[in-house]
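Asks:
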Amino acid sequence: MSFGKNLEKIRKEHKISQAKLGSALGITQQMISSYEKDISSPNIDSLIKIADFFQMSVDDLIGHVVKSENGESQKARLNLLFDSLSSEDKERCLLILNTLLLDRGETVERKRKVI
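Dropping the structure here:
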């Protein structure tokens with residue numbers, strides 16, 4: 001999926017208009033539209049602002065998936081590993097993740113609400 005289509009999908013999932021997104025980022029609605037239509041591309045500073053706005057990584061924003069040597073995405077591998085854990089170990093993992101995210105001012109629950 002192109003950056004523009006991914007941006008449009010994410011924006012619509014968050015129920016935000018192009019105008020509101022543009023206003024929050026300090027750019028015009030027309031610029032957001034041109035990004036979504038893949039007419040123009042944001043510079044790295046704008047990509048970071050957009051990713052921060054949606055509380056996601058730039059990789060997720062642009063739809064980049066890191067593959068391992070066997071072609072499996074890191075997220076898919078993490079999901080498989082997590083699913084193989086016992087309920088108790090899953091809770092422990094979530095506590096560890098929350099601890100790491102709290103250091104950055106975030107929580108797993110907050111991330112889930114955004115997604």
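All residue numbers for the sequence shown refer to UniProt numbering, where the first residue is 1 and numbers rise by one.
Glycine included, every Cβ here is placed at the ideal spot set by N, Cα and C.
If you're wondering where the values come from, they're calculated on a predicted model, not measured in any experiment.
Give every residue of the same chain whose Cβ lies closer than 6 Å to the Cβ of Leu25, excluding the five residues on either side of it in the sequence, and list them in chain order.
Replies: Excluding positions up to five away in sequence, the list reads Lys49.
Asks: When the distance is taken between beta carbons, is Leu61 closer than 8 Å to Asn6?
Replies: In contact: Asn6 and Leu61 (Cβ atoms closer than 8 Å).
Asks: Less than 8 Å between the CB atoms is what I'm expecting for Ile27 and Gln18, so what's the real figure, rounded?
Replies: That belief does not hold up - the Cβ atoms of Ile27 and Gln18 are roughly 10 Å apart, past 8 Å.
Asks: Give the range of the alpha helix (DSSP H) segment to which Leu80 is assigned.
Replies: Looking at the DSSP string, the run of the alpha helix (DSSP H) that includes Leu80 is Gln74 to Asp83.
Asks: If I follow the unbroken alpha helix (DSSP H) through Phe53, where does it start and stop?
Replies: That run of the alpha helix (DSSP H) goes Ile44 to Phe53.
Asks: Less than 8 Å separating the beta-carbons of Phe82 and Lys90?
Replies: Going by C-beta atoms, Phe82 is nearer than 8 Å to Lys90.
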